[in-house]
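Heads up, the thing below is written out as structure tokens.
Number of protein chains: 2
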Amino acid sequence: MSDTNIPVRATEASDSREGCREVIPTLARIGDKWTVMVVGSLSNGPMRYNQIARLIEGISQRMLTLTLKSLEQDGLVSRTMYPTIPPRVDYELTDLGRSLIVPLRSLHSWAVEHQPAMLAAREEFAKREQQTGLRQTRFTDPK
Amino acid sequence: MSDTNIPVRATEASDSREGCREVIPTLARIGDKWTVMVVGSLSNGPMRYNQIARLIEGISQRMLTLTLKSLEQDGLVSRTMYPTIPPRVDYELTDLGRSLIVPLRSLHSWAVEHQPAMLAAREEFAKREQQTGLRQTRFTDPK
DNA sequence: CTGCATCCACCGGGATACTG
DNA sequence: CAGTATCCCGGTGGATGCAG
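As you go down the protein sequences, you meet chains A and B in turn.
Mapping to numbering that gives the first Met the number 0: the first sequence position 36 is 35, numbers consecutive.
Mapping to numbering that gives the first Met the number 0: the second sequence position 68 is 67, numbers consecutive.
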């Protein structure tokens, strides 16, 4: 028995491999910082445009508008306009949008739990860098 | 009864708001498509550089190298070099890296389950766009 | 085979100014 | 208040070439 070299657990292989391809588009849509921030803000209930803007602080009008619009397109956020003067617009998570909070929480847990480990790993890596840097393999002269 | 307008569930408010800030750095690191693809590929066991490259197909050397290096920095992937000729390098998920699969799965589930809903929402939105487009509010003339 | 270095095109996103 | 339109810069990432 035993073949040449391919130890793939074929059972799960395609699952994990193909599986991750499916996450990409979703991740591209909902994975950027502004989207996460906006969804996070709206998770407390409906909000007006400027409320969100002030809450997030650092986001540009442009990005807020774009983010909200794309969220609306994807059916994650609903937009309600009151044609009063001055105008008022409320944004609110849809059921779909709220359902997104679940995986987001999962990510959040992981982040909180493992952030320290990652930072530690970074520093450790930096040190190793320096050490091996002494006998660094330099092909071309540093300019 | 009923007050003016602020229905905030203050209990969870800061949690959700502050909470999402913590996810940002993590998301920035592990949230891009290449990282996800690489982690997904490695979830089946250790792999060599070119194995990954061929498996992912579409990734440039540059991006693969950069992604792997940053993953190594963060302690998510371990790198083992065999100074043979030709050289051989194995990449493998660390425990930390494997732990990442959990939230990734969560995201994957959500993606698979709600992708259709999002697509549907998109098309619906496109239609509404057209309709309201007739009485579109155009301030400046389109050049 | 594994990987760095360089050049370069693209566009994400900030600042600003203007409209309804 | 709630956006829209424009300019513009920095970073992301692809293609190529070269070295251990």
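Cβ atoms here follow ideal geometry from the backbone N, Cα and C, with glycine treated the same way.
Contact residues of the segment 15-33 of chain A toward chain B are S15, R16, G18, C19, E21, V22, I23, T25, L26, A27, G30, K32 (C-beta to C-beta distance below 7 Å). Only exposed fits A/A119, as fewer than 16 other CB atoms lie within 10 angstroms of its CB.
In the DSSP assignment, B/S69 falls within the alpha helix (DSSP H) that extends over 60-72. Contact of A/E91 with chain B is not assigned, every C-beta pair being separated by 8 Å or more.
By the 16-neighbour rule on beta-carbons within 10 angstroms, A/P82 is exposed.
Any Cβ of chain A closer than 8 Å to the Cβ of B/E71 would place that residue at the interface, and such an atom is present.
Ranked by Cα distance from B/S42, the first of B/R61, B/L99, B/Q114 is B/L99.
Contact between the segment 87-97 of chain B and the segment 61-75 of chain A is absent: fewer than 3 CB-CB pairs across the two stretches fall below 8 Å.
When secondary structure is reduced to three states using DSSP, A/D89 falls in the strand class. Under the Cβ distance rule, A/Q60 does not count among the residues neighbouring chain B, no pair being separated by less than 8 Å.
Contact check for A/V35 against B/L106 fails: the beta carbons are separated by 8 Å or more.
DSSP, read as helix, strand or coil, puts B/S42 in coil.
Here A/T34 carries a helix assignment [DSSP, helix/strand/coil]. B/T79 carries a strand assignment under DSSP once its states are collapsed to helix, strand and coil. CA-CA distance, B/E123 to B/P45, rounds to 44 Å.
Excluding residues up to 5 positions away in sequence, nothing lies with its Cβ nearer than 6 Å to the Cβ of A/W109 in the same chain. The beta carbon of A/L95 falls within 8 Å of a beta carbon belonging to chain B, placing the residue at that interface.
Under the DSSP definition of a beta bridge, A/R127 lacks any partner. At the C-beta level, B/V88 and B/Y48 come within 8 Å of one another. Residues of chain B whose Cβ lies closer than 8 Å to the Cβ of A/P85 do not exist, since the nearest Cβ in that chain is about 15 Å away. The alpha-carbon separation between B/A116 and B/R78 amounts to approximately 40 Å. At a cut-off of 8 Å, the C-beta of A/A116 has a neighbouring C-beta in chain B.
Exposure of B/S59 is indicated by the presence of fewer than 16 other C-beta atoms within 10 angstroms of its C-beta.
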